[in-house]
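K.L.:
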Amino acid sequence: MSTSSEYATFHFHALHHADRPLLLPNAWDVASAAALAGAGYAAVGTTSLGVASAQGWPDGRGLAEVREATLALARRLNGRLPCPYTVDIESGFGGEPTQVAAIAGELAESGAAGLNLEDGLPGGAGLQDPVRQAELISAAKERAPGLFLNARIDTHWLVDAPPPLSVTLSRAESYLAAGADGIFVPGVVADEDVAVLVAEIPAPLNILFAPGRHTVSRLAELGVRRISTGSLLFRTALQAMLGAAEAIRSERQLPDVTGTGGEVLGYEDVQRLAGEE
């Protein structure tokens, strides 16, 4: 690992222990990552839904094609951003511990500062056995000890009736013992539940931002250390595209979805994001 990569990794770890929580926007390609980094965000993550969908594949299926697209994006981001970046690898793309370790090694060599590893099984087939998940985490950390491994617990994700928080806390304990650096529990929205997780998990807690339910300031008050946007920005971009196209077709004024009075990035602006000097 180069000196610059080592510094980025150290800095990324430190961001989880700063005075304010790390607000982590999630990108899906080089241009979106560069735009977010250029806007001054302290770090950038990737969204597995965005990366998969942009390539024409479904998310969360453990597909080899998505794995390759994810690793290719990690390599393309190397040296292009003025901030650390972390990569979502779904559940390890269905791999054995040695395969997940290999992915972690490739990410470290690519310059990534962290990875996100979930315990939801591919295709929505329930949750990984926590002992098995701990083996995946341990293998990844052994191969790339410097990466910030964010262990995602899917007990509350896309379920109608989540189990008691004690189940989540038990998994968190197991994953931290295996070497995880942080715990991510998407789907938790109630203040009281967030407060329990913060109090009981001895590591930085990551919460998925829920529009209309969360504010950054309130999550900071509760002690959350990392706030992810997940696929929200990608889905918002798609909706804005459809709104603009429909306005043109209907001969209406383009909607102001940018918050800048209707201004959009120019051609040359995007060329610079893509790397043209």
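Numbering (the working numbering), first residue to last: -10 to 266.
All residues carry an ideal CB built from backbone N, CA and C; glycine is no exception.
Just so it is clear, the structure is predicted and the values come from calculations on it, not from any experiment.
Which of the three DSSP states is assigned to Val76 in this structure?
P.N.:
Three-state DSSP puts Val76 in a strand.
K.L.:
Roughly how many angstroms separate the alpha carbons of Leu194 and Glu54, rounded to a whole number?
P.N.:
If you take the alpha carbons of Leu194 and Glu54, they lie about 30 Å apart.
K.L.:
With a threshold of 9 Å between beta-carbons, can Pro153 be considered close to chain D, or not?
P.N.:
Protein chain content of the structure displayed is limited to a single chain, and chain D is not contained in it.
K.L.:
With distances taken between CB atoms, is the gap from Val183 to Leu165 smaller than 9 Å?
P.N.:
No; because the gap between Cβ atoms is not below 9 Å, this pair is not in contact.
K.L.:
Do Val174 and Ala161 have their C-beta atoms closer together than 9 Å?
P.N.:
Against a cut-off of 9 Å, the Cβ pair of Ala161 and Val174 comes out as a contact.
K.L.:
Are Ala41 and Gly49 touching if we call contact CB-CB under 9 Å?
P.N.:
Contact: yes.
K.L.:
In the structure shown, what three-state DSSP assignment does Ile196 receive?
P.N.:
Correct three-state label for Ile196: strand.
K.L.:
Would you say Glu107 and Ala167 are within 9 Å of each other, going by their C-beta atoms?
P.N.:
No.
K.L.:
Quick check: what's the CA-CA separation for Phe198 versus Asn15?
P.N.:
Spanning the two alpha carbons is a distance of roughly 11 Å.
K.L.:
So Leu11 and Ala31 are in contact, right, with Cβ under 8 Å, and what is the actual spacing, rounded?
P.N.:
Their Cβ separation, rounded to whole angstroms, is 6 Å, which keeps Leu11 and Ala31 in contact under 8 Å.
K.L.:
Let me make sure I understand the geometry here. Which of Arg65, Pro200 and Pro153 has the alpha-carbon closest to that of Gly100?
P.N.:
The option with the nearest alpha carbon to Gly100 is Arg65.
K.L.:
Give, in chain order, every unbroken run of the beta strand (DSSP E) that is at least 3 residues long and sits entirely within the stretch 130 to 189.
P.N.:
137 to 141 and 171 to 173, all fully within the stretch 130 to 189.
K.L.:
At the level of alpha carbons, what is the spacing between Ala104 and Asp118?
P.N.:
Note on residue identity: the sequence assigns Leu, not Ala, to residue 104. In a straight line, the C-alpha of Leu104 is about 20 Å away from that of Asp118.
K.L.:
May I have the straight-line CA-CA distance separating Arg241 from Tyr(-4), to the nearest angstrom?
P.N.:
C-alpha separation (whole angstroms): 49 Å.
K.L.:
Taking the alpha-carbon of Pro92 as reference, which of Arg69, Gly109 and Thr59 has the nearest alpha-carbon?
P.N.:
For the sequence presented, residue 92 should be read as Ile rather than Pro. Considering only alpha carbons, the answer is Thr59.
K.L.:
Runs of 3 residues minimum, wholly inside the stretch 30 to 74: which ones carry the beta strand (DSSP E) assignment?
P.N.:
Segments of the beta strand (DSSP E) lying fully in the stretch 30 to 74: 33 to 35.
K.L.:
In its own chain, which residues sit with a C-beta less than 6 Å from the C-beta of Arg267, not counting the 5 before and 5 after it?
P.N.:
Beyond the ends of the chain as shown, which are -10 and 266, falls residue 267; an answer cannot be given.
K.L.:
What does the alpha-carbon distance come out to for the pair Leu70 and Gly29?
P.N.:
Cα to Cα, Leu70 sits roughly 11 Å from Gly29.
K.L.:
If you draw a straight line from the alpha carbon of Asp245 to that of Phe223, how long is it in whole angstroms?
P.N.:
Their backbone Cα atoms lie some 17 Å apart in a straight line.
K.L.:
What did DSSP end up calling Glu12 once you bin it into helix, strand or coil?
P.N.:
Inspection of the sequence shows that residue 12 is occupied by Leu rather than by Glu. Strand.
K.L.:
Assuming Ala90 and Ala129 form a contact by the criterion Cβ under 8 Å, report the distance between their Cβ atoms to the nearest whole angstrom.
P.N.:
About 6 Å; that satisfies the 8 Å criterion.
K.L.:
Assign Glu79 to buried or exposed, taking buried as 16 or more other Cβ atoms, counted over all protein chains shown, within 10 Å of its Cβ.
P.N.:
The residue in question, Glu79, is buried, as its Cβ has 16 or more Cβ neighbours within 10 Å.
K.L.:
So Ile196 and Ile216 are supposed to be a Cβ contact under 8 Å. How far apart are they, rounded?
P.N.:
With a Cβ gap of about 6 Å, Ile196 and Ile216 count as contacting.
K.L.:
Could you name each continuous beta strand (DSSP E) segment of 3 residues or more that falls completely within the stretch 79 to 119, going from the start of the chain to the end?
P.N.:
Counting only runs of 3 or more, we get 103 to 107.
K.L.:
Please state if the CB of Gly264 and the CB of Ala23 are separated by a distance shorter than 9 Å.
P.N.:
It is a contact, given that the beta carbons lie within the stated cut-off.
K.L.:
Grab the span of the beta strand (DSSP E) containing Ser217 for me, first residue to last.
P.N.:
First-last of the beta strand (DSSP E) with Ser217: Arg215 to Ser217.
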